[in-house]
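Novice: Dumping the structure here so I can ask a few things about it.
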Amino acid sequence: MTEELLLELELLREFGFTHLEIRGPRTADRGSRELLAELEQIVTVCEKCRLSQSRTQVVYGVGNPNADLMFIGEAPGRDEDIQGEPFVGRAGQLLTDIIKAMKLTRDDVYIANVIKCRPPENRNPELDELESCRPYIRRQIEIIQPRVIVTLGRFALQSLTEKSHAIAAVRGQWLDYNGIKVLPTYHPAYLLRNPAAKKEVWADMKKVMAELER
Ligand code: SF4
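This is the structure in structure tokens:
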């Protein structure tokens, strides 16, 4: 049995499935787009944590299913909750500008959050909410298999590593997530409040571009 199939079975068990009827092509033979769409069907009706009660809709993720570069943020805000797409408010526009400055488009990369439903009043996610939602971002990464992940802000990195980091201490340093290079940087919302930090984020993005060109 492949590692990918074992992971998928583990995920299904977490979602409460106890029986599995196998028919059609094996998961490993299907494409990333189809696998992401299947996962989206599960996430869209998820009620694993209290955030399901207050959301307008789940914000799953957008972009290239085979992207070399993934941007992973924290949680949807008001605009994202209304539109169902990550990073579409003011912070989202800033991320889009950063992506353009890298000579890429939003369609070239994949963008998602570690929390798929908006926390009320944009409060910080609770630890149990991060844990409940973690299998989804992990599975998205497994399907997409990017070469580089940029985590935006403290909670994105915390969800992947299961450790709390001071973002200023780890920003701009390469880390590893299951063999994938991870570069933590500031969240665009932080840049809106602290424009002087944009130059540090741009220095980080230059590292990412150099890595992608290798
Ligand atoms: S935040 Fe994640 S775990 Fe919680 S209800 Fe939404 S999709 Fe499910």
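Going left to right, the sequence shown walks through residues 118 to 331 as the working numbering numbers them.
Ideal Cβ positions, reconstructed from N, Cα and C, are used throughout, including at glycine.
Bear in mind the structure is a predicted one, so any value in this text is a computation, not a measurement.
Between which two residues does the beta strand (DSSP E) containing Leu221 stretch?
Specialist: What you label residue 221 is simply residue 104 of the sequence shown in a count that begins at 1. Where Leu221 is concerned, there is no enclosing beta strand (DSSP E), given that its DSSP letter is neither H nor E.
Novice: Measuring alpha carbon to alpha carbon, tell me which residue in Gln174, Asn183 and Leu211 is nearest Arg195.
Specialist: Numbered from 1 along the sequence shown, position 78 holds the residue referred to as residue 195. Closest by alpha carbon: Gln174.
Novice: Reducing DSSP to helix, strand and coil, say where Phe204 ends up.
Specialist: Start at 1 with the first residue of the sequence shown, and residue 204 comes out as number 87. Three-state DSSP puts Phe204 in coil, outside helix and strand.
Novice: Quick one: what's got a C-beta closer than 6 Å to Gly270's C-beta in the same chain, skipping five residues either side?
Specialist: Here the question's residue 270 lines up with position 153 in the sequence shown. The residues are Glu191 and His304.
Novice: On the three-state DSSP scale, how would you describe Tyr294?
Specialist: Taking the sequence shown and counting its residues from 1, the one referred to as residue 294 is at position 177. Tyr294: strand per DSSP, three-state reduction.
Novice: From the DSSP output, in three-state form, read off Ile232 for me.
Specialist: Taking the first residue of the sequence shown as position 1, residue 232 is located at position 115. DSSP places Ile232 in coil when its eight states are reduced to three.
Novice: So the candidates are Val162, Val176 and Met322; which of them puts its Cα closest to the Cα of Pro236?
Specialist: Indexing the sequence shown from 1 puts residue 236 at position 119. Answer by Cα proximity: Val176.
Novice: Where Leu186 and Val226 are concerned, what is the direct C-alpha to C-alpha distance, given to the nearest angstrom?
Specialist: Taking the sequence shown and counting its residues from 1, the one referred to as residue 186 is at position 69. Taking the sequence shown and counting its residues from 1, the one referred to as residue 226 is at position 109. Those two C-alpha atoms are separated by around 5 Å.
Novice: May I ask you to report which of helix, strand or coil DSSP gives Gly190?
Specialist: On the sequence shown, residue 190 is found 73 positions in, with the first residue counted as 1. Note: Gly190 maps to strand in three-state DSSP.
Novice: Look at the alpha carbon of Asp224 and the alpha carbon of Arg256, and state the distance between them as a whole number of angstroms.
Specialist: Counting from one through the sequence shown, the residue named residue 224 turns up at place 107. Counting from one through the sequence shown, the residue named residue 256 turns up at place 139. C-alpha separation (whole angstroms): 20 Å.
Novice: So is the beta-carbon of Ile189 under 7 Å away from any non-hydrogen atom of ligand 1?
Specialist: Working through the sequence shown from its first residue, we reach residue 189 at position 72. No; taking the cut-off as 7 Å, the Cβ of Ile189 has no heavy atom of ligand 1 nearer than that.
Novice: In three-state DSSP terms, what is Val175?
Specialist: Here the question's residue 175 lines up with position 58 in the sequence shown. Coil.
Novice: Would you please state the rounded distance, in angstroms, between the beta carbons of Val299 and Ile266? I believe it to be under 8 Å.
Specialist: Working through the sequence shown from its first residue, we reach residue 299 at position 182. Working through the sequence shown from its first residue, we reach residue 266 at position 149. Right, the Cβ-Cβ distance comes to about 5 Å (below 8 Å), so this counts as a contact.
Novice: In three-state terms, what does DSSP make of Pro301?
Specialist: Position 184 of the sequence shown, counted from the start, is the residue given in the question as residue 301. Correct three-state label for Pro301: strand.
Novice: Have a look at Arg207 and Ile159 and give me their C-alpha separation to the nearest angstrom.
Specialist: Position 90 of the sequence shown, counted from the start, is the residue given in the question as residue 207. Position 42 of the sequence shown, counted from the start, is the residue given in the question as residue 159. Whole-angstrom Cα-Cα distance: 29 Å.
Novice: Starting from the C-beta of Thr161, find all residues in its chain whose C-beta is less than 6 Å away, skip the five residues before and the five after it, and write them out in chain order.
Specialist: For the purposes of this step, residue 161 is taken as the residue at position 44 of the sequence shown. Cβ within range, chain order: Val175.
Novice: Residue range of the alpha helix (DSSP H) that Val325 falls in?
Specialist: Your numbering for residue 325 matches position 208 in the sequence shown. Per DSSP, Val325 belongs to the alpha helix (DSSP H) from Lys315 to Glu330.
Novice: With a threshold of 8 Å on Cβ separation, who are the neighbours of Pro263 within its own chain once the five nearest residues in sequence on each side are excluded?
Specialist: If you number the sequence shown from 1, residue 263 lands on position 146. Cβ neighbours of Pro263 beyond the five flanking positions: Ala184, Asp185, Leu186, Met187, Tyr227 and Ile297.
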